[in-house]
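One structure is given here, and the rest of the page talks about it.
Residue numbers (my numbering): 158 to 358.
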């Protein structure tokens, strides 16, 4: 079975593929980075059985529902309909914080990414280097600052959230979409979400 993963912001494909290949060795895994051109890369992949979006990757997929039709099954891990806390739609990060991060990326992208990952609770094992350019990284933050998806979009998919997610308001999603899966004691980290919730494909 061919499984395609759309990764989170600033996260390289290598650590993701290493993690999911060990977790689900019986399947073929491909990874797509959340950078400009991600949709074109996904469009060129044939025979997708399962499409999985993580964090920003999940948000991008919800904004391109036509691409979800490529797969027999779509799974969203730590998704959100609007990342900005001001929208009251599941995100816990203020727009001003994203604006500050955007400026920090110009000054020192490595420090900005490291700080974000630490605050988000993303495991060091999910990062091998900082290979993305400041332009690619800023594109992701600008997308988070300006975009949202239609209310109800998350409810169309199989979704998994961590109860202790530092970036997302799990309470909002539990009340809005009673059918979502909340993994107790888990944060925003992909490894935790897989180990605690997505145990099979």
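All residues carry an ideal CB built from backbone N, CA and C; glycine is no exception.
Delimiting residues of the beta strand (DSSP E) encompassing residue 188: The count along the chain shown starts at 1 and reaches residue 188 at position 31. Element bounds for residue 188: 185–189.
Would you list the residues sitting across from residue 315 in a DSSP beta bridge? Here residue 315 corresponds to residue number 158 of the chain shown, with the count starting at 1. Looking at the DSSP assignment, residue 315 forms a beta bridge with 232.
Kindly provide the ranges of any beta strand (DSSP E) runs that are 3 or more residues long and lie completely inside the region 233–302, ordered along the chain. 239–241 and 247–250
Please say whether residue 160 and residue 203 have beta carbons closer to each other than 8 Å? By 1-based counting over the chain shown, the position of residue 203 is 46. By 1-based counting over the chain shown, the position of residue 160 is 3. Not in contact: residue 203 and residue 160 (Cβ atoms no closer than 8 Å).
Given residue 192, which residues of its chain have a CB within under 6 Å of its CB, disregarding the five upstream and five downstream residues? Start at 1 with the first residue of the chain shown, and residue 192 comes out as number 35. Taken in chain order, the residues that qualify are 293.
Would a C-beta distance cut-off of 8 Å place residue 319 and residue 235 closer than the cut-off? What you label residue 319 is simply residue 162 of the chain shown in a count that begins at 1. What you label residue 235 is simply residue 78 of the chain shown in a count that begins at 1. Against a cut-off of 8 Å, the Cβ pair of residue 235 and residue 319 comes out as a contact.
Residue 251: which of 219, 351 and 301 sits nearest, CA to CA? The sequence position of residue 251 within the chain shown is 94, counting from 1. Looking at the Cα atoms, 301 is the closest of the given residues.
Does the beta-carbon of residue 253 have 16 or more other beta-carbons within 10 angstroms, so that it is buried, or is it exposed? One-based indexing of the chain shown puts residue 253 at position 96. Classification of residue 253: exposed, given that the 10 Å Cβ count is below 16.
Taking Cβ to Cβ, would you say residue 256 is nearer than 8 Å to residue 305? Translated into the one-based positions of the chain shown, residue 256 becomes position 99. Translated into the one-based positions of the chain shown, residue 305 becomes position 148. Contact: no.
Any idea what DSSP makes of residue 166, helix, strand or coil? The sequence position of residue 166 within the chain shown is 9, counting from 1. Three-state result, residue 166: coil.
Going by CA-CA distance only, name the one from 197, 194, 196 and 173 that's closest to residue 187. Counting from one through the chain shown, the residue named residue 187 turns up at place 30. Of the listed residues, the one whose Cα sits closest to residue 187 is 173.
Just tell me which of 334, 323 and 274 has its CA closest to the CA of residue 165. Here residue 165 refers to the residue found at position 8 of the chain shown. Checked all of 334, 323 and 274; the closest Cα to residue 165 is 274.
In angstroms, rounded to a whole number, what distance separates the CA positions of residue 308 and residue 181? Here residue 308 is taken as the residue at index 151 of the chain shown, counted from 1. Here residue 181 is taken as the residue at index 24 of the chain shown, counted from 1. One C-alpha to the other measures close to 32 Å.
Quick check: residue 325 and residue 298, are their CB atoms within less than 8 Å of each other? Taking the chain shown and counting its residues from 1, the one referred to as residue 325 is at position 168. Taking the chain shown and counting its residues from 1, the one referred to as residue 298 is at position 141. Not a contact, by the Cβ cut-off of 8 Å.
Find the nearest neighbour of residue 167 within the set 189, 220 and 344, judged by alpha-carbon distance. The sequence position of residue 167 within the chain shown is 10, counting from 1. The residue with the shortest Cα to Cα distance from residue 167 is 189.
In its own chain, which residues sit with a C-beta less than 7 Å from the C-beta of residue 349, not counting the 5 before and 5 after it? On the chain shown, position 192 is the one that residue 349 refers to. Around residue 349: 319 and 343.
Distance between beta carbons of residue 352 and residue 339, contact taken as under 8 Å: Working through the chain shown from its first residue, we reach residue 339 at position 182. Working through the chain shown from its first residue, we reach residue 352 at position 195. Residue 339 to residue 352, Cβ: 15 Å. No contact.
Would you mind stating whether residue 238 and residue 311 have Cβ atoms separated by less than 8 Å? Locating residue 238 in the chain shown gives position 81, counting from the first residue. Locating residue 311 in the chain shown gives position 154, counting from the first residue. Yes, these two residues count as a Cβ contact at 8 Å.
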